[in-house]
Each structure stands twice: as structure tokens, then as C-alpha cells.
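Peer 1:
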Ligand SMILES: [Zn+2]
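Residue numbers (our numbering): 88 to 191.
1) Roughly how far, in whole angstroms, is the beta-carbon of residue 145 from the beta-carbon of residue 91, given that I think they are within contact range, below 8 Å?
2) Below 8 Å CB to CB, which residues in the same chain sit around residue 66 once its five sequence neighbours on both sides are set aside?
3) The beta strand (DSSP E) with residue 91 in it runs from where to where?
4) Going by DSSP in three states, residue 136 sits in which element: helix, strand or coil?
5) Sorted by chain position, which residues of the same chain lie with C-beta nearer than 7 Å to residue 174's C-beta, five sequence neighbours on each side aside?
6) Alpha helix (DSSP H) containing residue 151: first to last residue?
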């Protein structure tokens, strides 16, 4: 087992662990409930931490987490249905429901 990193909160820690597990890096969240005693212990030690079960996967798992947090690289696009402009992170038009064209 190897510690990957501390998460800002339990929701993010759980999301990271779920994504790691789905990607083939068995992981667990530890220190889930230490936030309740933040102040009695240093705040940075009260954060939930994500651990990978196989220490040999630690580097690849960290790279996976880094990629997960990188902003979407998709370019902005314009809906062919209604002309609405969207950032690259959207795959469907929020205005008319049309899917993003495959070539944009
Ligand atoms: Zn649209």
C-alpha cells in the first residue's frame, strides 16, 4: 500500500478512489473522519487521503490522478441546431439538446 495524496474533502477523495478503482488501480480512502478533530490536530493532517493498494502502481496512479484534474483540452464549439456557443467541456447543447458534432 502507498499513500498517493490528501484530498481537499471526503467527496473528492471518494471520487478519486472510485476513478482509480475503475481504471484498474485498486485504491481506498483513509482518514475519512479526521476532519471532525481538525484543530486538535494540524489541519493538513485532518484531510482524507487516497492510497493505492499496490505500491508498484503508485507512479501510474498519480499520473492518472493528474490527468483527471487537468482541464478539458477540447476546443469550444458552436451548436449546429441553435447556434449557441459552448466551452469544450460540453458534449451536448444546454439550449436545444443537440449533440456536439463529431468533427468539432
Ligand atoms: Zn443548440
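Here a beta-carbon is modelled for each residue, glycine too, at the ideal position from N, C-alpha and C.
Since the structure is predicted, the reported quantities are computational estimates derived from the model, not experimental observations.
Peer 2: In this structure, then:
1) That belief holds up - the Cβ atoms of residue 145 and residue 91 are roughly 7 Å apart, short of 8 Å.
2) Nothing can be reported for residue 66: it is not among the residues displayed for the chain, which extend from 88 to 191.
3) Per DSSP, the continuous beta strand (DSSP E) segment holding residue 91 begins and ends at 89-93.
4) Three-state DSSP puts residue 136 in a strand.
5) Answer for residue 174: 163, listed in chain order.
6) Unbroken alpha helix (DSSP H) run through residue 151: 145-156.
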